[in-house]
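> Taken in sequence, the protein lines are chains A and B. First residue of the first sequence? That's 71 in this note's numbering, and the numbers climb one at a time after it. First residue of the second sequence? That's 365 in this note's numbering, and the numbers climb one at a time after it. Every residue gets a Cβ at the ideal spot worked out from N, C-alpha and C, and that includes glycine. Just passing along the structure, written as structure tokens.
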Amino acid sequence: MRAIDHHAWSNRWRDWHPAEKLIPAGGLLILTLVLPPLSSGPLILAAMAWATVFGAGVPARALLHVLAAPAAFLLLSAPFLAISISFTDGFHWQWSPQGWRLALETITRALAAVSCLAFLTLTTPLTDLITLSRRLGIPAGLVELILLVYRLIFVFAERAMTGQQAQAARLGYARMDRSVRSLGWLAGTLFQRALHQARRMEIGLAARAYNGELRVLGSERALSWPRLSIGIVGVGLIGLNGAWLAHTLP
Amino acid sequence: MNPPPLLVLRGLEYRYSDKILALRDLNLNIERGRKLALLGSNGSGKTTLLLHLNGTFRPTGGAILLDGQPAGYEHRSLNDWRRRVGLVLQEPDDQLFAATVAQDVSFGPLNLGLGEAETRTRVQEALEALRIAALAERATHSLSFGQKKRVAIAGILAMRPELLVLDEPTAGLDAHGVTHLLNALQRLHEAGTTLVFSTHDTELAYAWADQVAILHEGTVLGQGETTAMLEDRELLTQARLKPPLLLELAQALETRRDDRNPLPRSREMLLALLRERLCGTVPLAPDR
């Protein structure tokens, strides 16, 4: 989480208008959902990985890190898609060829889709996405919620970390049973702290004439039409290519 | 006739819901153009008192006069009150909510109903007043504690308050952070902002305030000029405070007091005085 945020704030494309990144990423995400995955999926995955690593200059390790969790999840669940079960004559199971194809398609499609999201989150600070979503007419309440959660995640992550360190310093994690107990205490304390924090933040906001709406100035970013056009053309080419491959391959 | 003080607290009483008396019969005058230190030990009611100064808490007894008029607690009056009296909390994370510095500072001005252009001017002005304009586009959570503290103050400054109230402004800051902050506050003061800050640090109050109010067990034991208040041993002992070392040293040196020889209020002044006593001369420049 912290690592993602760090790269979002420090990559080469950070200062681009968020739409220049959202539109290509969103476009490719739609392509992964509509095109046959086996032909277009690898293409999209490669394009997004290329843009993230060579375009925006995010280290490849960071990208792999983000993709690792969903990939592991997919690999674990894929074999179950490749099994066909029958109950007609007792319980029988077997590997099925269509099942293998289905599993492969699911993995490719999911990874390609995740790579689009990874590109977006690794290159665009959440604040830009929040500003953009406000402009796109997403309800103010929802946007404010995202904003507060984003801000408070870091406050609580820090508290949780220091709390955990303090417990560890008193051997709270020395044994399995102690660990379970310590973790429970930590969670309880954090919950109480969250309530106090909410109350104090209310006071802090009231001091600034809070009237029920968290309005802030958006950052001013000029939209670059050339960059946006390149992005759209790129998505178009990948789409055509994917469609053509799907047509020619079996 | 003089204009009434900016804020007057008269016979203030505050009871928490569980009947604990946090403030009792508290009197305080906040005059324009002052640097007032609210001095008290832990648990003396400093923060509770500060939360009354901008109408966050409503007293259960007594009166608060804003410009000589009883302060109102309906929405409209509160908004006007908070525009004029800016409160900076001790913990900056309680106050900062937006994701970038500039966005956070823009919150107050936008709530005052200012337009986008005016808000941008105010944000820039507030950031420059605290010398943190370079942080404008940084993520709030990536800042150091000292930087967060300055951003929290900028968020209040952007509303251009007449009175700036700070809860323990130097708590948790290193020596450099304290100097940086005090310099910024000094500039604001010279530009006409009245300052009130709470602290348990008598050294800070002595070096920096021109008026001191001493708080103990929820009431003000006394309010007056800084030196006079801090020379009152009995009062300080009662409030469980220690007299500032600078003042004690000066007293030990039996400094004559007149307009030409004021009591030393800073380290540098005390060192000059010591040199004079020890060497019989006042060097014009520090020794090389």
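Helix, strand or coil for asparagine 418(B), going by three-state DSSP, please let me know.
As a first step, residue 418(B) is located in the second sequence; it is residue number 54 there, counting from the start. Coil at asparagine 418(B), not helix or strand.
> Should the segment 222 to 236 of chain A be called in touch with the segment 307 to 318 of chain A, which here means at least 3 C-beta pairs below 8 Å?
No: the two stretches stay apart, fewer than three of their Cβ pairs being nearer than 8 Å.
> Any idea what DSSP makes of arginine 652(B), helix, strand or coil?
As a first step, residue 652(B) is located in the second sequence; it is residue number 288 there, counting from the start. Confidence at arginine 652(B) is low in this model, with a pLDDT of 44, below 50, so the placement of that residue should be treated as unreliable; the coordinate-derived value is given next. Of the three classes helix, strand and coil, the one that applies to arginine 652(B) here is coil, per DSSP.
> If you run the structure through DSSP and keep just helix, strand and coil, what is threonine 558(B)?
Taking the first residue of the second sequence as 1, we reach residue 558(B) at position 194. Strand, per DSSP.
> Rounded to whole angstroms, what's the CA-CA distance from leucine 413(B) to glycine 426(B)? Just pull it up for me.
Residue numbering aside, residue 413(B) sits at position 49 when the second sequence is read from its first letter. Residue numbering aside, residue 426(B) sits at position 62 when the second sequence is read from its first letter. Their backbone Cα atoms lie some 13 Å apart in a straight line.
> Hey, out of Trp295(A), Pro296(A), Trp86(A) and Ala119(A), whose CA is closest to alanine 188(A)'s CA?
As a working note, residue 188(A) is residue 118 in the first sequence. When each option's Cα is compared against that of alanine 188(A), the closest is Ala119(A).
> Quick check on DSSP: helix, strand or coil for glutamate 395(B)?
Walking along the second sequence from the start, residue 395(B) turns up at place 31. In this structure, glutamate 395(B) counts as coil in the three-state DSSP scheme.
> For threonine 558(B), which residues in chain A fall below 7 Å Cβ to Cβ?
Walking along the second sequence from the start, residue 558(B) turns up at place 194. Chain A residues near threonine 558(B): none, gap ~16 Å exceeds 7 Å.
> Kindly indicate if chain B contains any beta-carbon less than 9 Å away from that of tryptophan 79(A).
In the first sequence, the residue the question calls residue 79(A) occupies position 9. It does; some Cβ of chain B falls within 9 Å.
> Using 10 angstroms around the beta-carbon of alanine 239(A), count the other beta-carbons present and answer buried if the total reaches 16, otherwise exposed.
As a position in the first sequence, residue 239(A) is number 169, starting the count at 1. Alanine 239(A) comes out exposed.
> Taking any Cβ of chain B, which residues in the segment 75 to 104 of chain A have a Cβ under 7 Å from it, in chain order?
Listed by position along the chain: Trp79.
> I'd like to know if leucine 527(B) contacts chain A, where contact means its C-beta is closer than 9 Å to some C-beta of that chain.
Your numbering for residue 527(B) matches position 163 in the second sequence. Cβ-Cβ to chain A under 9 Å: no for leucine 527(B).
> Using 10 angstroms around the beta-carbon of tyrosine 570(B), count the other beta-carbons present and answer buried if the total reaches 16, otherwise exposed.
For the purposes of this step, residue 570(B) is identified with residue 206 of the second sequence, where counting begins at 1. Classification of tyrosine 570(B): buried, given that the 10 Å Cβ count is 16 or more.
> For glycine 588(B), which residues does DSSP report across the bridge?
Your numbering for residue 588(B) matches position 224 in the second sequence. Answer by DSSP bridge pairing, in chain order: Val576(B).
> Determine, for glycine 233(A), whether the minimum Cβ-Cβ distance to residues of chain B falls below 9 Å.
Numbered from 1 along the first sequence, position 163 holds the residue referred to as residue 233(A). So no, glycine 233(A) is outside the interface.
> When Cβ atoms are compared, which residues of the segment 585 to 597 of chain B fall closer than 8 Å to chain A?
Listed in sequence order: no entries.
> Using CA coordinates, which residue listed in Arg251(A), Lys91(A) and Arg285(A) is at the minimum distance from arginine 204(A)?
Along the first sequence, one-based indexing puts residue 204(A) at 134. Checked all of Arg251(A), Lys91(A) and Arg285(A); the closest Cα to arginine 204(A) is Arg285(A).
> Under 9 Å between the Cβ atoms of valine 278(A) and arginine 446(B)?
Along the first sequence, read from residue 1 onward, the residue named residue 278(A) stands at position 208. Along the second sequence, read from residue 1 onward, the residue named residue 446(B) stands at position 82. A small fix is needed here, since residue 278(A) is arginine in this sequence, not valine. Yes, the Cβ-Cβ distance between arginine 278(A) and arginine 446(B) is below 9 Å.
> Examine the ligand ATP and report whether any of its heavy atoms sits within less than 8 Å of the Cβ of alanine 386(B).
With respect to the ligand ATP, the structure shown offers nothing to examine, as it has no ligands at all.
> Using a C-beta cutoff of 9 Å, does leucine 601(B) count as contacting chain A?
For the purposes of this step, residue 601(B) is taken as residue 237 along the second sequence, with counting starting at 1. Looking at the sequence shown, residue 601(B) is not leucine but threonine. Not closer than 9 Å to any Cβ of chain A, the Cβ of threonine 601(B) fails to qualify, so no.
> Count the C-beta pairs between the segment 372 to 383 of chain B and the segment 404 to 420 of chain B that are closer than 8 Å, then say yes if the count reaches three, no if not.
Yes, they touch.
> What does glycine 211(A) reach in chain B if we use C-beta pairs closer than 8 Å?
Counting from 1 along the first sequence, the entry for residue 211(A) is found at position 141. The contacting residues do not exist; glycine 211(A) stays about 15 Å from chain B at best.
> With DSSP run on the structure shown, which of helix, strand or coil describes serine 156(A)?
Here residue 156(A) is taken as the residue at index 86 of the first sequence, counted from 1. Correct three-state label for serine 156(A): strand.
> Between Ala121(A), Ala73(A) and Ala257(A), which lies nearest to alanine 132(A) when the distance is taken from Cα to Cα?
Taking the first sequence and counting its residues from 1, the one referred to as residue 132(A) is at position 62. Answer by Cα proximity: Ala73(A).
> By Cβ distance, which residues of its chain are closer than 7 Å to leucine 392(B), with the 5 residues on each side in sequence left out?
Residue numbering aside, residue 392(B) sits at position 28 when the second sequence is read from its first letter. So the qualifying residues of the chain are Leu373, Ala577, Val584 and Gln587.
> I need the straight-line Cα distance from proline 525(B) to tryptophan 83(A), nearest angstrom please.
Reading the second sequence from its first residue, position 161 is the one you call residue 525(B). Reading the first sequence from its first residue, position 13 is the one you call residue 83(A). Straight-line Cα distance between these residues: approximately 39 Å.
> Using the beta-carbon of each residue, which ones in chain B are nearer than 8 Å to methionine 71(A)?
If you number the first sequence from 1, residue 71(A) lands on position 1. By Cβ distance, chain B contributes nothing, its closest Cβ being about 11 Å from methionine 71(A), past 8 Å.
> For chain B, find out if any of its Cβ atoms is closer than 9 Å to the Cβ of histidine 317(A); answer yes or no.
Here residue 317(A) refers to the residue found at position 247 when the first sequence is read from its first residue. Output row for histidine 317(A): interface = no.
> Closest to methionine 71(A) by C-alpha separation, out of Gly407(B), Asp574(B), Gln488(B) and His505(B), would be which residue?
The sequence position of residue 71(A) within the first sequence is 1, counting from 1. It is His505(B).
> Quick check on glycine 472(B): buried or exposed, where buried means 16 or more other Cβ atoms within 10 Å of its Cβ?
In the second sequence, counting from the first residue as 1, residue 472(B) sits at position 108. Result: buried.
> Counting pairs of Cβ atoms below 8 Å between the segment 177 to 196 of chain A and the segment 107 to 115 of chain A, do you hit three or more?
With a cut-off of 8 Å, the segment 107 to 115 of chain A and the segment 177 to 196 of chain A count as touching, because enough Cβ pairs lie within range.
> Does leucine 416(B) have its Cβ less than 9 Å from a Cβ in chain A?
Residue mapping note: residue 416(B) aligns to position 52 of the second sequence, counting from 1. A small fix is needed here, since residue 416(B) is histidine in this sequence, not leucine. Chain A, which has no Cβ nearer than 9 Å to the Cβ of histidine 416(B), makes this no.
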